[in-house]
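Read through the structure below, which is laid out as structure tokens, and then see the notes.
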Amino acid sequence: MINELDKRLLALLNTNARMSVSDLARGLDLSRSTVQNKILKLEQQGVIKGYSVEFGNSYLSSLISAHVSLKVTQKLTTKTNLDLKQIPAITQLHAISGEYDLIAIVEAQSLEQLSHILDDIGNLEGVERTTSSVILETKFKR
């Protein structure tokens with residue numbers, strides 16, 4: 829169960845996951861050991877799964893992103909999902925309803941690289957068909 833203090837701690841970590849335990853303790857007006865124990869407890873409970881890097885706008889704006897819709901052979905869905913997970917350029921994979929089974933979000937450093945990635949995806953066993961849409965501009969993101 830997460831209490832209000834845990835929520836405040838999570839909010840601070842969400843703002844800056846690299847914040848030191850000492851800085852977190854000062855921000856919460858708690859002892860360093862208390863904060864360290866709370867973080868450990870939240871990790872053990874699975875509330876905190878890990879820590880990651882948030883890329884800056886200058887780097888993200890240099891990438892070419894695309895939505896790739898995939899039609900997959902039903903009997904090979906699990907294998908195909910595992911194969912797709914091995915492609916680092918795929919940053920997200922969603923199961924969807926409708927004509928296609930999956931949507932992959934792909935990020936590449938050039939159109940040429942994107943083309944090779946799309947070829948790799950299309951050549952995977954179990955992928956029947958793909959349709960790609962390059963993202964021209966992001967109007968907003970929440």
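Going by the working numbering, the first residue of the sequence shown is number 829, and it counts up by one from there.
Ideal Cβ placement from N, Cα and C applies to all residues, glycine included.
As the structure is a computational prediction, the values presented were derived from the model and not from experiment.
Legend entry - Delimiting residues of the beta strand (DSSP E) encompassing Glu832: Within the sequence shown, the letter at position 4 stands for residue 832. It is not in any beta strand (DSSP E) - Glu832 instead sits in the alpha helix (DSSP H) that spans Glu832 to Thr843.
Inset, instruction - Starting from the C-beta of Ala923, find all residues in its chain whose C-beta is less than 7 Å away, skip the five residues before and the five after it, and write them out in chain order. - result: What you label residue 923 is simply residue 95 of the sequence shown in a count that begins at 1. Excluding sequence neighbours, Ala923 sits near Asp929 and Leu930.
Inset, instruction - Could you please give the first and the last residue of the uninterrupted alpha helix (DSSP H) stretch that includes Lys877? - result: Indexing the sequence shown from 1 puts residue 877 at position 49. No alpha helix (DSSP H) contains Lys877, which DSSP labels as neither H nor E.
Inset, instruction - Tell whether a beta-carbon distance below 7 Å holds between Val896 and Gly954. - result: As a working mapping, residue 896 is identified with position 68 in the sequence shown. As a working mapping, residue 954 is identified with position 126 in the sequence shown. No, the pair does not count as a contact, with Cβ atoms beyond the cut-off.
Inset, instruction - Starting from Ala853, follow the alpha helix (DSSP H) in both directions and report where the run begins and ends. - result: Taking the first residue of the sequence shown as 1, we reach residue 853 at position 25. Note, Ala853: alpha helix (DSSP H), Val849 to Leu856.
Legend entry - Thr958 versus Leu856: straight-line alpha-carbon distance, rounded: Sequence index remark: in the sequence shown, residue 958 carries index 130 (1-based). Sequence index remark: in the sequence shown, residue 856 carries index 28 (1-based). Approximately 49 Å between the Cα atoms of the pair.
Legend entry - Beta-carbon spacing of Val849, Gln873 below 7 Å: If you number the sequence shown from 1, residue 849 lands on position 21. If you number the sequence shown from 1, residue 873 lands on position 45. Not a contact, by the Cβ cut-off of 7 Å.
Inset, instruction - For Leu868, count neighbouring C-beta atoms within 10 Å of its own C-beta (all shown protein chains included) and say buried if the count is 16 or more, exposed if not. - result: Position 40 of the sequence shown, counting from 1, holds the residue named residue 868. Exposed is the call here.
Inset, instruction - Would you check if the distance between the CB atom of Ile912 and the CB atom of Leu921 is smaller than 7 Å? - result: Stepping through the sequence shown from its first residue, residue 912 is reached at position 84. Stepping through the sequence shown from its first residue, residue 921 is reached at position 93. At residue 912 the sequence reads Leu, which differs from the Ile that was named. Yes.
Legend entry - Inter-residue spacing [alpha-carbon to alpha-carbon] between Ser961 and Thr908: On the sequence shown, residue 961 is found 133 positions in, with the first residue counted as 1. On the sequence shown, residue 908 is found 80 positions in, with the first residue counted as 1. Whole-angstrom Cα-Cα distance: 21 Å.
Legend entry - The beta strand (DSSP E) enclosing Thr959, as first and last residue numbers: Stepping through the sequence shown from its first residue, residue 959 is reached at position 131. That run of the beta strand (DSSP E) goes Val955 to Val962.
Inset, instruction - Pull up the distance between the alpha-carbon of Tyr1003 and that of Leu952, whole angstroms please. - result: Nothing can be reported for residue 1003: it is not among the residues displayed for the chain, which extend from 829 to 970.
Legend entry - Nearest-angstrom Cα separation, counted from Thr919 out to Gln937: Position 109 of the sequence shown, counting from 1, holds the residue named residue 937. Position 91 of the sequence shown, counting from 1, holds the residue named residue 919. Taking the straight line joining both Cα atoms gives about 13 Å.
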